[in-house]
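Under UniProt numbering, the first residue of the sequence shown is numbered 1, with each subsequent residue one higher.
Beta carbons are placed, not taken as given, at the ideal position from N, Cα and C, and that holds for glycine.
Reading through the structure tokens given below for one structure.
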Amino acid sequence: MNIGIVALLILVAVIAIGFFRKLNVGVLAMAAAVILGYVSGDYTTKEIVAGYSSSLFITLFGLTLLFGIITTNGCLEQVMRRLINVFGKMVWMVPVILFLSAWCVSALAGGFAGLAFICGITIPVIHATGYDPLMLMIIGNAGAQAGRYTRVSPDGNIVLNLLAKQGIDGGLMSLTINMTIAMFIIASLAFVFFRGYRTKKTGTVRLEIEPLSPKQWVALGGLVVMIICIMALGLDSGLVALTVSVCLIAAGVIDEKTAFHSVPWNTIIMVTGVGVLMNMVITSGGIEILTKVIAAFTNSVTASGASCMTAGVMSWFSSTLGVVVPTLTPTVGELVEEIGGGLTQIGLLSAMLIGSSSACFSPASSVGGLIISSIAGDPILRDGFDNEKAFATMFLWSVAMVAVSSLLALAGIYNIFH
């Protein structure tokens, strides 16, 4: 059997085992790559190890370490709380402010940081406004999904790394615009579906804030320095973030043990580990085979919609960053070349990532699960909260939003900004 087909089948098996056994897909992928490489005799030890991207590891480690420090320090949350309080008298603006606040946090620190921020800050907002809990959570997390793929964020750098391997330069600005448009539509639909326009309370939203401590000011200064170095000077994001992190630890902003504990090692291992197996899939011709199969069943009109739906379905059973992004992103360049027509690289990529993000509201995913658990864990909200109904609602919402995102892809919306 063709080694490329074998590599693809092993990738599918790894994803399935990871899902059903609840194991880290990255570790499974590395083990599978070693077995495939040695058993087939087509790969040397050096070639197997070459699949592990040290540059991606440094980028993810540096950025997640810095934003772990920022998050633990609490400076960014205090800034966002002040922003929400500025508009506190306009209750109707609260959903918009939550969307934008989550967008900003996610654009800096990545999707999971945006998720954690919004789940923590939304509960007191729900108490003050009387808005439907699920509605505000969906709107806030839609904002987090919208802003996650920037030049500064860990998520954006993963995509940038995968695009660079295909000779595709940049594109994150257009991707972020497309993500924002799609997620704003999803947030707007949530506002209408949950009847946000019927909120009963008209009082002032006032979140508790504390004066910024000297350590928080130093942390904010480090964040500003990092953004300037990356956006204005064009320096490597991972190296800059790592350097700023070391400076903050040395300055006593946070102790070293706490800083390293904040790093999501499980995610880093998952993303970089899958890369080892994906390198074999690519070098063995597996991506070319996958591309030809997709191209055989689609055309320039349907490719974006089909890719969006495929990414959504994959995201119901696996991690977006750990599986969907490293599996589908490498197909973008060849798919556009194979299909042609009006299909664009960033338009197709946008469809894939938007489909995956639209599926994240499923209660089986980290986003949907954290939304439900955050509401159910609140002593005030839990009394009138039906877990079973919420579970069904979130799952159906996830399915509906994948369908909506796919229809937008079919309409060519994601090709406008490319």
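Residue i burial status per 10 Å Cβ neighbour count (16 or more: buried)
i    : result
G130 : exposed
M30  : buried
T258 : exposed
M314 : buried
T150 : buried
M179 : buried
L66  : buried
L23  : exposed
W397 : buried
S101 : buried
W103 : buried
P211 : exposed
D132 : buried
A250 : exposed
G171 : buried
S350 : buried
Whether residue i touches residue j by CB criterion (8 Å)
i           : j    : result
L36         : M280 : yes
L98         : V125 : yes
residue 459 : N415 : The chain is shown only over 1 to 418; residue 459 falls outside these bounds and no answer can be derived.
G111        : D169 : no
M394        : S319 : no
A311        : M352 : yes
S237        : N157 : yes
G275        : G51  : yes
A113        : V152 : no
N387        : I371 : no
I118        : S262 : no
I268        : T64  : yes
A142        : L115 : no
L207        : I346 : no
L348        : L335 : yes
G167        : G368 : no
G74         : A241 : no
E338        : K389 : no
S188        : C308 : no
L163        : T329 : yes
residue 419 : I48  : Beyond the ends of the chain as shown, which are 1 and 418, falls residue 419; an answer cannot be given.
residue 420 : I209 : Nothing can be reported for residue 420: it is not among the residues displayed for the chain, which extend from 1 to 418.
V159        : V325 : yes
V25         : V323 : yes
Own chain residues within Cβ distance below 8 Å of residue i, not counting five before or after
i           : result
G252        : K215
residue 429 : Lying before the first or after the last residue shown, residue 429 is absent from the chain, which here runs from 1 to 418.
L413        : Looking at the sequence provided, one finds Ile at residue 413 rather than Leu. Same-chain partners within the cutoff: N178, I181 and A182.
I84         : V94, I97, L98, S101, I121, V125, V205 and L207
I58         : G238, L239 and L242
V404        : I185, I186, L189 and S358
Own chain partners of residue i with C-beta closer than 7 Å, once the 5 adjacent residues on each side are dropped
i    : result
L28  : V14, I17 and G18
S122 : The displayed chain sequence assigns Thr, not Ser, to residue 122. The answer, listed in chain order, is L98, L136, M137 and G140.
I3   : S40, D42 and S284
A219 : I69, I70, N73, C75, L248 and V253
A303 : L335, I339, L343 and L348
Same chain only: Cβ atoms within 6 Å of residue i, ignoring 5 sequence neighbours per side
i    : result
G341 : S300
G222 : V244 and L248
A306 : T298
L410 : G305
A109 : F67
I375 : P133, L381 and F385
Touching by the beta-carbon criterion (3+ pairs, under 8 Å), the stretch 32-46 and the stretch 349-366: Under the 8 Å Cβ criterion, the stretch 32-46 does not count as touching the stretch 349-366, having fewer than three qualifying pairs.
Contact the stretch 376-387 vs the stretch 178-197: 3+ CB pairs below 8 Å: With the cut-off at 8 Å, the stretch 376-387 and the stretch 178-197 do not touch.
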